[in-house]
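Residue numbers (the numbering used here): 2 to 159.
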């Protein structure tokens, strides 16, 4: 059945990430209050990172319709692996976006000193393409972690 419990786990986690974008907009309204803005932004990113790292196994489990797909099983299977998963995701981020930031800085410095990075249209296209590549790289890493750690997720409940 299409709307089974596993589907709803996957769907709800996707909605949580979409709501994170909305929360980011709310935090931006705090800009006139620099200290509160800083604390709210820091708390938001820390919570998002912890949530993403701890629940990374649920996406491949839901995609494969694993019998034990659930929040608790994903948290249990990833217990003790936070820093390993975090390091891999940081490495992917740096490999994908560090060259872009260097290139964008050079373009902004040479071509358009008075423009921001996003005002240069070809750089926006490159950033979008890198976004697609990073999503694929994160999905591959999540799938690899799932294969290594997905014990409870692969076991039927009951």
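Ideal placement from N, C-alpha and C gives every residue a C-beta, glycine not left out.
- The DSSP-derived three-state label of residue 74 is helix.
- Put simply, the backbone Cα of residue 108 is about 10 Å away from that of residue 101.
- Residue 88 sits in a helix when the DSSP states are folded into three classes.
- Between the stretch 56-63 and the stretch 74-93, the count of Cβ pairs shorter than 8 Å is three or higher; the stretches touch.
- Measuring C-alpha to C-alpha distances from residue 49 to each of 157, 89 and 17 identifies 17 as the nearest.
- Counting C-beta pairs with one atom in each stretch, the stretch 134-144 and the stretch 87-97 have three or more that are closer than 8 Å, which means they touch.
- Your pair residue 28 and residue 12 does not check out as a contact, with CB atoms roughly 25 Å apart and the cut at 8 Å.
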